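Okay, so here's the structure we're looking at.
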Amino acid sequence: MLAYLQNIAILFCVNAMLAVTLNFIMGYAGIFSLAHAVFFGVGAYVAANVAMHFTDSLWICVAAAILVSALLSMALALPALRVRGEYFVAASLGLQVIGVTIFSEWKGVTGGLGGLVGIPPPTVFGHALSSPGEFLALAVGGLILVLLATTALLRGSFGRSLMAIRDSESAAQAAGKWVAAIKALSVAVSAGLAAVAGSVYAFYMSFVNIEGFMLETSILLMAMVIIGGTGTVLGPLIGAALLMALPAALTYLPFLPPQELGTLQQIIYGAIMVLLMMYRPGGLVGGRKLGAAR
């Protein structure tokens with residue numbers, strides 16, 4: 016039972032990191048992306064490759080994952096950020112499709128559809144992390160790092176610039192804000208920190224393939240942010256906890272066949288989204304309403 020709870024806690028931390036980093040651009044910059052799972056995947060594959068072929072040092076693997084994911088996101092985001100609103104959502108969907116295609120076809124780096132197997136455990140000051148308790152500490156540490164980094168940025172001038180752009184791009188431009196650069200940098204920060212989650216996930220599972228980085232993952236992450244409340248600190252955490260707890264709770268229903276779990280899960284997710292949009296559009300925490308003027 017303890018091992019099961021530790022597994023749930025580790026996966027919650029991974030999903031919470033992803034929800035927090037997506038909320039960084041959704042809730043504070045007004046950028047709705049359906050490609051967040053791609054940068055989660057980039058972090059996982061980079062950390063895995065560095066550990067398998069160069070060094071298993073946790074610090075080097077995570078740093079490489081952050082750097083590659085951030086730089087790649089900027090290269091992809093700069094042209095996409097020329098469009099706004101629903102057009103960027105469509106552009107990010109295209110990036111998601113391209114990313115998954117590369118993951119499945121670049122076999123020398125990603126292992127293709129079969130994925131990468133036998134990822135070595137990371138080492139911290141020469142000690143290899145191997146027990147569930149150590150990985151839980153790693154996941155909690157990663158979540159704290161992500162929360163501290165995003166909170167620090169949002170409380171400074173960068174955060175104020177982001178929210179000014181979210182509320183009105185034209186007004187921000189008139190005030191002398193370099194809108195394109197600020198938006199691109201926000202995407203890079205979001206993607207780089209999402210790579211931390213990817214690194215933790217890869218090392219904990221010791222195996223990665225494209226199943227964890229599909230469009231469904233990006234949609235689930237967006238649902239976590241919206242359900243919890245965009246533009247809030249607690250919202251993504253509550254959304255992640257709720258959507259992580261649901262599958263675990265459904266397994267305890269004796270009358271529900273295991274093969275029906277996935278279908279019922281999706282129905283419940285959809286129903287929650289519809290009800291929230293109707294009766295609590297700001298999310299459970301009462302964040303910024305979707306569709307508010309930007």
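The opening residue of the sequence shown carries number 16 in the working numbering; numbering runs sequentially from there. By construction, the Cβ of each residue, glycine as well, lies at the ideal position given by its N, Cα and C atoms. Remember, it's a predicted structure, so these values are computed and weren't measured experimentally.
Cβ pair residue i, residue j closer than 8 angstroms
i	j	result
residue 58	residue 209	yes
residue 246	residue 42	yes
residue 35	residue 232	no
residue 252	residue 31	yes
residue 215	residue 153	yes
residue 297	residue 244	yes
residue 211	residue 104	no
For residue i, three-class secondary structure by DSSP
i	result
residue 138	strand
residue 183	coil
residue 69	coil
residue 57	helix
residue 104	helix
residue 300	coil
residue 143	strand
residue 223	strand
Run of the alpha helix (DSSP H) containing residue i, from where it starts to where it stops
i	result
residue 16	First-last for residue 16: undefined, no H or E at that position.
residue 218	194–220
residue 294	276–294
residue 170	147–170
residue 232	230–243
residue 124	122–125
Cutoff 8 angstroms; reference residue i; Cβ partners in own chain excluding five residues on either side
i	result
residue 148	21
residue 5	Past the boundaries of the shown model lies residue 5; the chain is included only from 16 to 309, so the question cannot be answered.
residue 289	none
residue 291	241, 242, 298, 299
Residues near residue i by beta carbon distance below 6 angstroms, same chain, minus five either side
i	result
residue 53	111, 114
residue 187	179, 180, 194
residue 71	135, 137, 138
residue 37	51, 236, 240
residue 125	60, 118
Contacting residues, own chain, Cβ-Cβ under 7 angstroms from residue i (five flanking each side not counted)
i	result
residue 24	151
residue 91	110
residue 300	243, 244, 247, 249, 250, 253
residue 228	52, 53, 55, 56, 115, 118
> With a cut-off of 8 angstroms, do at least 3 Cβ pairs link the region 42–54 to the region 19–30?
Replying inline: With contact defined as three or more Cβ pairs closer than 8 angstroms, the region 42–54 and the region 19–30 are not in contact.
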